[in-house]
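In our numbering, the protein residues as written are 2 to 104.
Using N, Cα and C, we set each Cβ at its ideal position, and we do this for glycine too.
Each remark here refers to the structure printed beneath this line.
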Amino acid sequence: MTAIKEKSRIFIRAETKLKDKATKELSSKQLDLTTTFDLFLDKVVKQNKFPFEITNETAEEKNLANIRLNVIEGLSDAEANRGIGASTYLQQLQTKKAELINK
């Protein structure tokens, strides 16, 4: 005999557009908001933390940090004489640009 777990009712206010977008996205994964929230709470309890990173860093700040990291890595590669020459790289960029324009 399977035990039926008691459920509590939780009321949450969310932005309508956000809720609608989330519902649509979750539906494509055969999930609903209730199941997703249960999964979220389960992870919080099991991991004793949020199951995702919470930061004050904006998407733009995160992108800039990634760009800086890529520049530093690129400079390190150049100093170590790794990688390709500028003219070869420019040619690859021009080819990629042409591909994107023709799509």
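Thinking C-alpha only, which one of Ser29, Asn49, Thr24 is nearest Phe38?
It is Thr24.
Taking the alpha carbon of Phe12 as the point to measure from, which residue in Ala4, Lys18, Leu34, Ser28 has its own alpha carbon closest?
Considering only alpha carbons, the answer is Leu34.
Mapping the DSSP letters down to three states, classify Arg69 as helix, strand or coil.
Residue state, collapsed to three classes: helix.
By the three-class DSSP mapping on this structure, what secondary structure does Glu80 have?
Glu80: helix per DSSP, three-state reduction.
Return the first residue and the last residue of the alpha helix (DSSP H) that Phe38 is part of.
Note, Phe38: alpha helix (DSSP H), 34 to 48.
I'd like the span of the alpha helix (DSSP H) that includes Gln93, first residue to last.
87 to 102 is the span of the alpha helix (DSSP H), which, as asked, contains Gln93.
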